[in-house]
DNA sequence: AATGAATGAGGATTCATTCAT
DNA sequence: GATGAATGAATCCTCATTCAT
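Residue numbers (the working numbering), protein chains in the order written: chain A, 5 to 211; chain B, 5 to 211; chain C, 5 to 211; chain D, 5 to 211.
As structure tokens, then:
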């Protein structure tokens with residue numbers, strides 16, 4: 005899979021689309037300077053177009069952020085739910101696949117993942133609700149797997165209620181420190197965090 | 005312990021100091037709107053003083069942020085290291101106390117903790133280095149405990165290297181969602197996260 | 005007479021012409037928001053066409069205003085001069101008919117009349133001269149009638165010189181407050197203002 | 005009476021006040037280019053201060069307009085009501101004094117009078133209500149005098165209802181064409197319009 | 001310490017207009 | 001005729017900061 009842009013697959017590559025260029029530039033700018041620290045001029049410069057032309061594609065800076073976060077959270081939800089759907093019945097297997105999918109997203113779209121967690125606070129109104137809904141749906145997937153596993157005595161943790169949140173925290177925090185050039189491959193990272201997740205639930209694990 | 009202000013003990017030092025009022029207002033403003041979203045006018049209004057008077061206490065907005073983050077990270081480091089110093093030799097006990105201290109800080113100074121993780125990116129130069137050093141020192145405490153425990157076969161996790169980061173992630177993420185009015189007391193939260201931390205390391209746990 | 009559009013007869017010329025749609029939309033926009041407050045986008049939206057297509061019909065926003073004011077003032081001049089031509093010799097009768105024609109125009113084309121008085125200041129150069137000439141010609145008709153009547157001792161006012169301006173002021177001000185749904189019919193309004201005009205000239209009236 | 009500024013007496017002269025300079029510049033700018041045609045840069049330049057400093061005195065361009073119109077209408081109301089209060093009981097005398105006061109205001113503050121009638125449409129919300137109230141109060145003074153005179157058979161016009169509006173229209177329209185350098189003195193103009201007003205009501209007048 | 005006045009740079013957004021298709 | 005994309009200049013307004021008092 006090609007990954008020329010920081011949001012390969014998230015933002016349509018095809019075509020020399022100005023719209024895609026703007027979204028990519030906005031993602032880069034928001035990732036680097038934060039939503040309030042980045043200016044529309046930054047975005048325009050990054051997209052190689054004029055400042056005023058941005059407004060032919062997005063009615064406001066907030067709409068830009070909304071579109072970015074919407075895409076990121078939708079893609080994350082899609083990956084996670086697809087992975088779980090294909091994972092069989094065992095809660096441990098399901099959890100493992102969910103974590104791998106989540107970590108995979110964070111590594112594939114690191115900037116998008118970073119912006120999704122750190123800039124969502126600048127989203128308001130309906131835009132926010134839409135994004136929060138997707139985000140919560142993703143976390144709910146983890147919560148349901150855990151509830152299942154606890155009900156079936158596979159996850160003996162005494163604290164199942166905070167576990168989903170912490171698993172998601174760990175996975176999304178990867179966007180904060182991960183360096184693609186480092187020694188940790190995407191697969192190794194995913195495997196490692198899958199194990200962290202199961203350990204958190206105090207599942208008996210073999211070496 | 006008194007907790008009049010959101011950062012009682014961190015800032016405040018007793019009385020009606022303008023300086024303390026400014027720091028508290030800045031903390032509240034940065035917490036609510038982010039560093040770039042908050043204006044010096046917001047800070048002045050919150051502190052009940054004039055805009056220009058801010059500059060009698062802090063030479064720039066960045067210095068305000070620096071002071072805030074410095075205090076927060078120093079206090080966190082202090083609490084954690086003190087707790088560990090008093091915790092005996094058992095790595096599990098030491099880790100438990102470290103986590104409890106960390107969680108205690110986050111709950112006592114929720115806004116400061118939140119600002120410390122989300123706004124550190126807007127700190128540059130020496131200010132940043134100073135703060136990053138304190139932050140890393142705090143995480144290093146966890147890293148050392150884990151290394152000790154692994155060496156002594158108390159923590160059988162196959163992935164000791166990422167564990168400290170994840171434990172710290174979980175603890176600091178509390179600042180993101182915790183509601184003081186909720187049903188979770190500080191002590192319960194601390195206990196719960198101490199167990200998560202040990203579970204992450206795959207320590208055998210009873211009950 | 006048909007009155008589908010706010011300027012039926014003034015603009016419209018029968019059918020679905022884009023040009024007429026643009027003029028009507030411009031009239032509505034300038035009437036509602038003023039020349040400087042209305043944008044070409046407003047006009048395009050009102051006309052149901054694209055922004056750039058406006059420039060296939062009018063070379064600039066100013067040309068749009070010019071065309072509107074030209075038509076309005078030409079029509080007003082036409083109505084007034086025709087009415088006077090058909091009115092016989094008595095200055096009082098002539099004045100009465102002139103006023104009725106003027107008021108009729110204002111009621112039939114209220115928005116056009118309003119724009120004609122309030123936005124003429126934004127017209128410059130030749131456009132302006134052309135329009136001002138028509139406007140002054142209309143007022144001159146009143147002036148001539150008054151001069152005739154004064155010469156023939158029909159209008160004993162000591163202040164004939166300002167009278168024409170004030171009569172025209174009263175008539176055109178109708179565009180400022182008139183509500184077609186109100187209790188005042190066009191004919192009643194015309195009759196009333198004809199009497200005001202004669203009264204202003206201190207003509208003896210029975211009544 | 006001194007009349008250095010276009011709003012002498014309206015806008016406080018004393019002091020080299022920046023606030024007064026801004027108001028005067030705004031009045032001049034709005035008078036020349038209209039509210040939407042004038043920019044805050046125009047105002048700043050006219051006031052001899054920086055663009056941003058305007059906002060230390062007025063929170064928005066609309067507030068500037070509101071303040072201007074408020075002052076103008078308040079002053080006009082004040083002048084008119086004071087004149088009427090001192091005018092005795094005869095409705096004709098009262099009307100005469102009211103017209104003279106109104107015309108006096110228009111001549112003394114021509115630009116303010118012009119802006120007051122032509123730019124009030126760009127005022128909205130509470131600002132507008134406040135100003136409209138003052139404007140209507142002024143017109144109501146004329147209405148009451150007319151009602152009194154009609155009741156006492158001093159004003160035999162068959163159309164008393166539209167008379168106040170037309171008298172006010174005539175007086176305020178003076179701001180539209182008057183040239184201080186012309187041959188018409190303020191007093192002559194006032195006298196002339198007082199007579200127009202009485203004539204409109206069909207009062208018997210001696211030569 | 002504390003203030004109010006002031007400023008230049010820059011913020012997001014809208015403008016009338018043009019151009020390639 | 002008609003469109004969508006594009007642009008440079010201008011819009012109102014806010015920013016962090018400074019200065020005289």
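Beta carbons: idealized from backbone N, C-alpha and C, even for Gly.
In this text, all values refer to a predicted model and were calculated from it rather than measured experimentally.
Whether residue i touches residue j by CB criterion (8 angstroms)
i              : j              : result
residue 25(D)  : residue 48(D)  : no
residue 147(C) : residue 168(C) : yes
residue 31(B)  : residue 72(B)  : yes
residue 74(D)  : residue 136(D) : no
residue 70(B)  : residue 131(B) : yes
residue 206(A) : residue 142(A) : no
residue 81(A)  : residue 138(A) : yes
Chain-order list of residues whose beta-carbon lies under 6 angstroms from that of residue i (same chain, five-residue window excluded)
i              : result
residue 5(D)   : With a pLDDT of only 38 at residue 5(D), under 50, the local geometry of the prediction cannot be trusted, and no value is derived from it.
residue 62(A)  : 68
residue 9(A)   : With a pLDDT of 49 at residue 9(A), under the threshold of 50, the modelled position of this residue cannot be trusted; read the value that follows with caution. The answer, listed in chain order, is 28.
residue 193(D) : 107
residue 46(C)  : 33
residue 7(C)   : In this predicted model, residue 7(C) has a pLDDT of only 40, less than 50, meaning its place in the structure is not dependable; the value taken from the coordinates is given anyway. Counting only Cβ-Cβ distances below 6 angstroms, and skipping sequence neighbours, we find nothing.
residue 157(A) : none
residue 190(B) : 111
residue 95(C)  : 149, 152, 153, 158
Cβ separation of residue i and residue j, assumed to be a contact under 8 angstroms, to the nearest whole Å
i              : j              : result
residue 209(A) : residue 203(A) : 7 angstroms
residue 182(A) : residue 111(A) : 7 angstroms
residue 116(B) : residue 76(B)  : 4 angstroms
residue 150(D) : residue 102(D) : With a Cβ gap of about 10 angstroms, residue 150(D) and residue 102(D) do not count as contacting.
residue 122(A) : residue 122(B) : 6 angstroms
residue 83(A)  : residue 109(A) : 5 angstroms
Delimiting residues of the alpha helix (DSSP H) encompassing residue i
i              : result
residue 108(B) : 95 to 112
residue 180(B) : 164 to 181
residue 81(C)  : 65 to 89
residue 200(C) : 190 to 204
residue 139(D) : 129 to 155
residue 22(A)  : 22 to 37
residue 158(C) : Run containing residue 158(C): none; DSSP gives neither H nor E here.
residue 45(B)  : 44 to 51
residue 54(C)  : Run containing residue 54(C): none; DSSP gives neither H nor E here.
Close Cβ partners of residue i (< 8 angstroms) along its chain, the five nearest in sequence each way excluded
i              : result
residue 22(C)  : 51, 53, 57, 61
residue 87(C)  : 101, 102, 104, 105
residue 199(C) : 209
residue 78(C)  : 138
residue 170(C) : 204
residue 172(D) : 106, 142, 143, 146
residue 164(A) : 150, 151, 154, 205
Beta-carbon contacts of residue i that lie in its chain and below 7 angstroms, excluding the five residues immediately before and after
i              : result
residue 197(C) : 103, 107, 174, 175
residue 35(B)  : 115, 118, 119
residue 97(A)  : 91
Meets three-Cβ-pair contact criterion under 8 angstroms: the region 161 to 177 of chain C and the region 186 to 193 of chain C: Segment contact: the region 161 to 177 of chain C against the region 186 to 193 of chain C, fewer than three CB-CB distances shorter than 8 angstroms; contact not assigned.
Segment contact, 8 angstroms Cβ cut-off, at least three pairs: the region 24 to 40 of chain B with the region 122 to 129 of chain B: yes
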